[in-house]
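Enquirer:
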Amino acid sequence: MSEAQITRREFMGSAIAGTAATGLALDTRAARANPAANTQVTVGIIGAGIRGLELMQAVLNVGGKVAVVCDLYDGHFRRAQEIQADTPTTREYREVLSRKDIQAVVIATADHWHAPIAIEAMKAGKDVYCEKPMTHTIPEALEMVKISKATGRLVQVGSQSISMTSTRKAREWVQAGQIGSVFMVQCSIYRPNAIGAWRYPVPPDASPKTVDWDRFQANVPKRPFDAARFFQFRNWYDYSAGIAGDEYVHLLSRVHYVLGVQYPRSAVSNGGIYKWTGDRDVPDIHNTMYDYGKFQALVNANLVCNWDGGEIVRFFGDKGTVELTEWAATLAPYNPIEEYLYPLEAWPKDLKDKFIEEHKSDPLADCGTARQQPQRQKETFKQEAEGTEDHFRNFFECVGTRKQPVEAVEFGCGTAVACHMANISYQKKQRVFWDAEKLALRV
Ligand SMILES: NC(=O)c1ccc[n+]([C@@H]2O[C@H](COP(=O)([O-])OP(=O)(O)OC[C@H]3O[C@@H](n4cnc5c(N)ncnc54)[C@H](O)[C@@H]3O)[C@@H](O)[C@H]2O)c1
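In terms of this note's numbering, the sequence shown opens at residue 77 and continues consecutively.
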C-alpha cells in the first residue's frame with residue numbers, strides 16, 4: 077500500500093496491532109524528557125466500541141492505567157479483556173464515576189451520550205477525555221464549558237490531529253506569514269466504501285440480551301430493539317451528529333487551530349442521501365460554506381465517491397498554500413512574476429514604451445513591475461505518528477499540572493458549534509448565523 081493510501085483509521089489500526097507509532101511528536105520528546113509529564117493517570121473507559129478500545133490501548137501504551145471498562149454490549153467486554161486480562165466491566169457509567177481511584181474518564185460512546193456523561197463526570201470530580209464531536213447539540217457544548225469552569229475539571233477533546241506534528245508545522249508556517257493572508261480554506265473528506273458510510277457489520281450475537289438497548293436510548297425517542305441503530309448509530313441524528321460530527325470536526329479542528337479562530341459567523345449547507353438509501357436520516361453528501369469573517373471555509377464531504385481520499389485541508393493565502401493531509405504538511409509558495417505587459421498591448425507604442433521606461437525600477441508600483449518575486453521552494457513535512465498517543469500524553473501531563481490541555485473545552489465548544497451549525501443548516505435548508513458575543517444561534 078502506498079503511503080498516500082494510508083488513512084487515519086488504517087494508521088491507528090496498525091498502531092493498535094502492536095507497532096507503537098514510530099514517529100514522536102515534538103511535545104512527546106519533551107514529555108519523555110520531563111518526568112512530570114509522565115504522570116500515571118488511572119482512567120475508566122466509558123464507551124468501549126471501536127474507538128473506545130483503540131483509546132484503551134493508547135492509554136496503556138503511554139503508561140496510563142485502565143481500572144474499569146463501561147459499555148453496553150457484552151462482546152466489547154470480552155474484547156477489552158483480551159487487551160488487558162481481568163479488567164473489571166460494567167454497563168452503568170455511574171459506577172465508574174463513583175470510584176475514588178479513578179482520576180479521569182475516557183468517553184467514546186455514541187455522540188448522544190458524550191455530554192451527559194462528561195458533565196456528570198466533572199461534577200463527580202473527574203477530568204475528561206471526550207471523543208469528538210464534544211457534544212450532540214449546541215446547548216450541551218455551552219453547558220460543558222460552564223461546568224468545566226465551575227468544577228475546575230479539565231476536558232481534552234479527542235480530535236487528535238491537534239497533537240500531530242504536521243498540524244503544528246502548518247500553524248507555524250501560516251502564523252509566520254509564509255503564505256501571506258489566508259482568505260480561503262478548502263476541506264474535503266471523500267469516503268466511498270461501505271465502512272466509510274458506516275455500514276459496519278453487526279456482531280452475530282447481537283440481541284437484547286447482549287446489548288443494553290434501554291440504556292442506549294434512555295435519553296432519545298424510544299424504539300423497539302434495533303441492532304443497526306446500535307452498531308451503526310452514525311446514520312441517525314438521534315444518536316449522532318452525522319458527517320459533520322464524524323468528519324467535519326477533524327477538519328475544522330485543524331482550521332481553528334492553525335488560524336486561531338473559535339467560531340464561524342455563519343454556515344450554509346447542501347446535501348442529501350444519494351447512494352446509501354434505506355432507513356437513515358444522515359446525508360451521505362454534506363457540503364457547507366462557512367463565513368469566518370476574515371476568511372471563507374468550504375467543507376466538501378461525501379460518502380459516495382472518491383478523488384484523492386482521506387482528509388485534506390488547504391489554506392490558501394495570497395503568497396502561497398499550505399496543505400494538510402493525514403500524512404504530511406506541504407508548503408507551496410507562489411512565485412509570481414508581477415506582470416504589467418499584458419494590458420499594455422492595447423496601448424499605442426509611444427505610451428507603452430514610456431510607461432515601461434518609467435516603471436522598470438519601481439518595485440512598489442500598484443500595477444506591478446515586470447519583476448520576479450524571490451523564488452521559494454516547496455517544502456513537505458512528513459507526519460509519522462497518528463496523534464492519539466501524543467494527545468493522551470498531553471492530557472495526562474495536564475491532569476498532573478492542572479494546565480489546560482491542547483484541545484480544551486472552549487476549543488471543543490467551537491468545533492462542536494461549527495459542526496452543529498452545518499447540521500441545522502442542512503436540516504432547515506437555510507443559512508444559520510452564530511453570535512459569538514451572545515453565544516446564540518440565529519436561524
Ligand atoms: N478521534 C477519532 O479519530 C475517532 C475515531 C472513531 C470514532 N470516534 C468517536 O468515538 C465515538 C464512538 O465511535 P465508535 O466508532 O467507537 O462507535 P461504536 O458504536 O463502535 O462504540 C460506541 C460504544 O459506546 C457504547 N455506549 C453507548 N452508550 C453508552 C452509555 N450510555 N454508556 C456506556 N457505553 C455506551 C456502546 O455500547 C458502543 O460499544 C464517536 O463519538 C465517534 O465520533 C473518534
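Quick reminder that beta carbons are idealized off the backbone N, C-alpha and C, glycines included. Only a predicted model underlies this, so the values are computations on that prediction, with no experimental measurement involved.
(1) What separation, rounded to the nearest whole angstrom, lies between the Cα atoms of N345 and V261?
(2) Does DSSP classify W189 as helix, strand or coil?
(3) Would you give the residue range spanned by the alpha helix (DSSP H) that C489 belongs to?
(4) Assuming V485 and S224 are in contact, meaning their beta carbons sit under 8 Å apart, how far apart are those beta carbons, in whole angstroms?
(5) Check whether the region 382-402 and the region 329-338 touch, using three or more Cβ-Cβ pairs below 8 Å as the test.
(6) On a CA-only basis, which of H188, E460, P277, K479 is nearest I214? Give me that one, please.
(7) Which residue spans inside the region 346-404 form an unbroken alpha helix (DSSP H) run of at least 4?
(8) What residues in its chain sit with their C-beta under 7 Å from that of F292, if we drop five residues either side in the sequence?
(9) Hey, W403 and K454 are a contact pair by Cβ (cut 8 Å); roughly how many whole angstroms apart?
(10) Relative to the C-alpha of Y205, which residue among V231, A186, I271 is closest?
(11) Tell me whether R105 sits in a helix, a strand or coil according to DSSP, three-state version.
(12) Check whether the Cβ of Q236 sits closer than 7 Å to any heavy atom of ligand 1, and report yes or no.
(13) If you reduce the DSSP assignment to three classes, tell me which class I265 lands in.
(14) Any heavy atom of ligand 1 closer than 7 Å to the beta-carbon of L148?
(15) Quick check: what's the CA-CA separation for C263 versus A343?
(16) At a cut-off of 7 Å, would you count Y502 as near ligand 1, judging by its Cβ distance to the nearest heavy atom?
(17) Checking the sheet assignment: what are the DSSP bridge partners for C474?
(18) Which ranges would you report for the beta strand (DSSP E) in the region 226-274 if only whole runs of at least 3 residues count?
(19) Within 10 angstroms of its Cβ, does C495 collect 16 or more other Cβ (buried), or is it exposed?
(20) Please confirm whether K141 and Q157 have their CB atoms less than 8 Å apart.
(21) Determine which residues share a DSSP beta bridge with Y333 and list them.
(22) Is T165 near A492, with beta carbons less than 8 Å apart?
(23) G396 and A408: beta carbons closer than 8 Å?
(24) Output needed for N378: all residues of its chain with C-beta closer than 6 Å, excluding positions within five of it in sequence on either side, in chain order.
(25) Helix, strand or coil: how does DSSP classify R507 here?
(26) Using CA atoms only, rank isn't needed, just tell me which of L136, V519, G488 is closest to L218.
(27) Taking only the alpha-carbon atoms, compute the straight-line gap between T464 and M132 and give it to the nearest angstrom.
(28) Is F509 near A134, with beta carbons less than 8 Å apart?
(29) What first and last residue would you give for the beta strand (DSSP E) that runs through V278?
Expert: The relevant details are as follows:
(1) First, the residue type needs correcting, since residue 345 is Ser and not Asn in the sequence shown. Taking the straight line from one Cα to the other gives about 16 Å.
(2) helix
(3) 485-504
(4) 4 Å
(5) As far as the Cβ criterion goes, the region 382-402 touches the region 329-338, which means the pair count is three or higher.
(6) H188
(7) Fully enclosed alpha helix (DSSP H) runs of 4 or longer: not present.
(8) L148, F306
(9) Not a contact, Cβ separation roughly 16 Å.
(10) V231
(11) With a pLDDT of 38 at R105, under the threshold of 50, the modelled position of this residue cannot be trusted, and the question is left open.
(12) yes
(13) If DSSP states are grouped into helix, strand and coil, I265 belongs with the strands.
(14) yes
(15) 14 Å
(16) Relative to ligand 1, Y502 has its C-beta separated by 7 Å or more from all heavy atoms.
(17) None, per the DSSP bridge assignment.
(18) 231-233, 258-266
(19) buried
(20) no
(21) Per DSSP, none; premise fails for Y333.
(22) no
(23) yes
(24) Cβ neighbours of N378 within its own chain (closer than 6 Å, five residues either side excluded): Y266, I361.
(25) coil
(26) G488
(27) 11 Å
(28) No, the pair does not count as a contact, with Cβ atoms beyond the cut-off.
(29) Segment: none, V278 is in no beta strand (DSSP E) and carries neither H nor E.
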